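Accompanying notes for the structure given below.
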Amino acid sequence: MSKPDRIALEAPLDEAFAPVVRLIVGAIAERADFGYEAMDDLQLAIERLLAEAGSLGHVSLSFEVTEGQIRANVGPLRSDALAEALQEPDDTPGKLTLGRILSTVVDSYGVEDAADGHIVIRLVKIAGPVG
Amino acid sequence: MTEAREASRERARAEDRELLRRYHELGDAGARERLVSRHLPLVRSLARRYAGRGEPLDDIEQVGAIGLIKAIDRFELDREVSLATYATPNVVGEIKRHFRDKGWAIRVPRALQELNARISQTIDRLTSKLGRSPSVAEIAEALGSTPEEVLEALEVGSAYTALSLSAGPGGEEGEGDPLDSIGEADEGFERSEDRADLEPALGQLDPREREILRMRFEEGLPQTQIAERVGLSQMHVSRLIRKSLAAMRDELAS
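Residue numbers (our numbering), protein chains in the order written: chain A, 112 to 242; chain B, 29 to 282.
Dropping the structure here:
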């Protein structure tokens, strides 16, 4: 198995930079040969996470690109609201939680505790069928 | 000749009024459908005025048709005006709101707007042809463009301004939505006061946006299937999902 390509960036937690992050995520997904819909899903997942993460400071994002798959790490973040939102079960019928959104648009996600009460959100998105 | 044309118009108005009466007084859904069908040429004519501004004409017509339906639903039988006269500002208003919500006001270069409009059609065409979602490289190849240009055009096309949640569906402050009833019967998401949920803001959305969210996150349908069901392009569905979620988040934060 080949070594994954790694891309890391730090961006302000500022709505004005959301399009920049979105463009970068799209470019990474394009390199991983994602279909349009899978790319759009991953962009949406990260967009929603950053929207819930507040607007203070910066956020680190890192991506590991292997064949047909992207693993993304978002954080460390200190956001009680985000941690609380992701602790909600995502399979409760009729509830539109952040977890429900993530579980719909990515193949898996998880939350890990980091130092000083921070959390890191890990996402895995598979490219889907390609030609 | 003029008299014959005037007589024909008068007959059409009388038929409209009868259909409106059947719909509003008797709840005849078939009459409503006939009204929509009879006035679609008006919608197409108005939509053409907004062609070439970076949006596929089909999408503009779809948006305009929503304005027509709202006009039919809002029409009061004691009005002296014809349905066509009453519907025109509704259709135009809906189209203008669509452009405003899409954020074209950010002065996107025309070349990128045009590429964006072509991308929307190309995605739908390639999805149908390939039986799967096309990659950016495939979209770029079909358009004679580069992946980077496609990504940039996708991004400018996805720019939006969050819908004012205090505005009615036609953009008017404080106005109720006559289409609300469409979303009520099958509205799957329950309301909640939980901080982690977006449901408290769900009711602020347009019925069509609620329905799209329900299909995506309750039924788990992919964008392609949702696009087929609601008769919009896949890109348009994507934008509506993003806009709706952002608007709901903003509503909760306010």
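Glycine residues also receive a C-beta, built at the ideal position from the N, C-alpha and C atoms.
If you're wondering where the values come from, they're calculated on a predicted model, not measured in any experiment.
Per DSSP, the bridge partner or partners of residue i
i      : result
F174/A : I118/A, A183/A
E223/A : V231/A
I237/A : Q180/A
S163/B : G146/A
I264/B : It is His, not Ile, that sits at residue 264/B in the sequence shown. DSSP lists no partner for H264/B.
L188/A : I230/A
P123/A : H169/A
Amino acids of chain B, ordered along the chain, whose beta-carbon sits closer than 8 Å to that of residue i
i      : result
F174/A : Those do not exist, as F174/A stays about 15 Å from chain B at its closest Cβ, beyond 8 Å.
G137/A : V164, L179, L182, E183
A149/A : S161
G239/A : R160, S161
R211/A : F245
For residue j and residue i, the rounded distance between their alpha carbons
i      : j      : result
L160/A : L154/B : 30 Å
R277/B : E142/B : 30 Å
A226/A : E256/B : 47 Å
E176/B : G146/A : 15 Å
I88/B  : Y78/B  : 8 Å
Q90/B  : E83/B  : 11 Å
T177/A : M150/A : 15 Å
R33/B  : R39/B  : 10 Å
V71/B  : G92/B  : 6 Å
R244/B : E195/A : 23 Å
E180/B : V131/A : 10 Å
L273/B : F174/A : 24 Å
G211/B : E239/B : Below a pLDDT of 50, predicted positions are generally treated as unreliable, and G211/B, at 31, falls in that range; the measurement from the model is reported next regardless. Their backbone Cα atoms lie some 6 Å apart in a straight line.
S156/B : Q253/B : 11 Å
S65/B  : F128/A : 44 Å
R182/A : S110/B : 58 Å
Under 9 Å from the C-beta of residue i: neighbouring residues of chain B
i      : result
D218/A : By Cβ distance, chain B contributes nothing, its closest Cβ being about 13 Å from D218/A, past 9 Å.
L134/A : L179, E180, L182, E183
R189/A : Those do not exist, as R189/A stays about 17 Å from chain B at its closest Cβ, beyond 9 Å.
Residue of the options minimising C-alpha distance to residue i
i      : options                        : result
E246/B : L153/A, S214/A, I230/A         : S214/A
I223/A : E141/A, R233/A, R182/A         : Checking the displayed sequence, the identity of residue 223/A turns out to be Glu instead of Ile. Out of E141/A, R233/A, R182/A, R233/A has the C-alpha closest to the C-alpha of E223/A.
S148/B : L260/B, A35/B, S272/B          : L260/B
A112/B : H67/B, S266/B, A145/B, E169/B  : H67/B
K271/B : E237/B, Q251/B, T252/B         : E237/B
P208/A : S73/B, V258/B, R242/B, V178/B  : Checking the displayed sequence, the identity of residue 208/A turns out to be Thr instead of Pro. Residue R242/B is the option with its Cα nearest to T208/A.
V164/B : V136/A, L193/A, D125/A         : V136/A
L233/B : S65/B, L268/B, R41/B           : L268/B
K236/A : L197/A, S190/A, D144/A         : D144/A
K114/A : A164/A, Q180/A, A238/A         : Q180/A
A192/A : G210/A, R182/A, K206/A, N184/A : G210/A
I139/A : E158/A, R117/A, E121/A         : R117/A
Interface residues of chain A facing residue i [CB-CB closer than 8 Å]
i      : result
A165/B : E141, D144
L230/B : L207
G248/B : T215
Q251/B : E148, D151
R270/B : L155, E158
L241/B : L207
For residue i, three-class secondary structure by DSSP
i      : result
T116/B : helix
P175/B : helix
P250/B : coil
L167/A : coil
P235/B : helix
P137/B : coil
P84/B  : coil
L105/B : coil
S156/B : helix
Y78/B  : coil
G55/B  : coil
G259/B : coil
V91/B  : helix
L132/A : A quick correction: the sequence has Val, not Leu, at residue 132/A. Three-state result, V132/A: helix.
Proximity test, residue i beta-carbon vs the ligand FMN heavy atom, cut-off 7 Å
i      : result
A138/A : Although the ligand FMN was asked about, the structure shown includes no ligands whatsoever.
Partners in chain A for residue i, counting only beta-carbon separations shorter than 9 Å
i      : result
P137/B : Ordered by position in chain A, no residue passes the 9 Å Cβ test against P137/B, which lies about 15 Å from the chain.
L96/B  : Residues of chain A passing the Cβ test: none, with the nearest at roughly 30 Å.
Contact set between residue i and chain A, taken where Cβ atoms lie within less than 7 Å
i      : result
Q14/B  : This structure does not reach residue 14/B, given that chain B is present from 29 up to 282, and the question cannot be answered.
F103/B : The premise fails here: F103/B is roughly 34 Å from chain A at the closest Cβ pair, so nothing lies under 7 Å.
P175/B : E141
R277/B : A162
S266/B : D151
Partner residues on chain C for residue i, Cβ-Cβ distance less than 9 Å
i      : result
R233/A : No chain C is part of this structure, whose protein chains are labelled A and B.
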